[in-house]
Amino acid sequence: MNNKKNPHRVFILLLMIFLLGISGVVQAKEFVYEGETNELTLVEWIKKAEGHVVNGEDREASVCYHQVLLLDEENLSANIFLGNYYYVQAEEARKVLESEYARLAKPTRMEYAKYKDSLKDLWPKYIKASVYLKAVLTQFPSDEVMKTLKHIEELHKVIE
């Protein structure tokens, strides 16, 4: 058996990491305050993220946690926060869609198709959540994380 790494697999993995990371970098530039550089230490990014979480500023916290992962891709608190952040965002949006669809007395095929398409549009957030939550499981076996990942898999079957 060939022990060399498949270059395509490595490329795809690096591309996924880059795409997940770049969204954090792009967003982080929005939150650089005057006179401040993006060259904060890991501890400073973590403190900044925790401050945003305490203040209920989840979007800003997510930007900081993306920066944390650029410095330490295995950071447990960042992976937990981002996994839950994207999962909750997707779940809230899905519940709104389901509520709106349930209010339709007799949905037409067009309305059903629009509903299904809207559900499919949520899938990237579930994928992001899944990536971060799987990273959590590599360090911290958690029944809750496993339940969440199982729920995401079940939703994928429904959405597709």
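Quick note: the sequence shown, position 106, residue 1092 per this note's numbering, numbers continuous. Note that beta-carbon positions come from the ideal geometry of N, C-alpha and C, so glycine has one too.
>> Assuming contact is defined by CB atoms lying nearer than 9 angstroms, are Tyr1072 and Ala1047 in contact in what I supplied?
In response: With respect to Ala1047, Tyr1072 sits apart: the two C-beta atoms are not nearer than 9 angstroms.
> From Leu1105 to Thr1027, what distance separates their C-alpha atoms?
Replying inline: When the Cα atoms are used, Leu1105 and Thr1027 turn out to be separated by approximately 39 angstroms.
> Which residues in the same chain as Ser1116 place their Cβ atom closer than 7 angstroms to its Cβ, once the five residues preceding and following it in sequence are excluded?
Replying inline: For Ser1116, where only same-chain residues beyond five positions count, the Cβ hits under 7 angstroms are Leu1135, Ile1138.
> Given that a residue counts as buried once 16 or more other Cβ atoms are within 10 Å of its Cβ, and exposed if not, what is Tyr1118?
Replying inline: By the C-beta density criterion, Tyr1118 is buried, having at least 16 other C-beta atoms within 10 angstroms.
> Looking at the structure shown, is Pro1093 part of a helix, part of a strand, or coil, going by DSSP?
Replying inline: If DSSP states are grouped into helix, strand and coil, Pro1093 belongs with coil.
> What are the start and end residues of the alpha helix (DSSP H) that includes Asn1061?
Replying inline: Annotation: Asn1061 is outside any alpha helix (DSSP H) and is labelled neither H nor E by DSSP.
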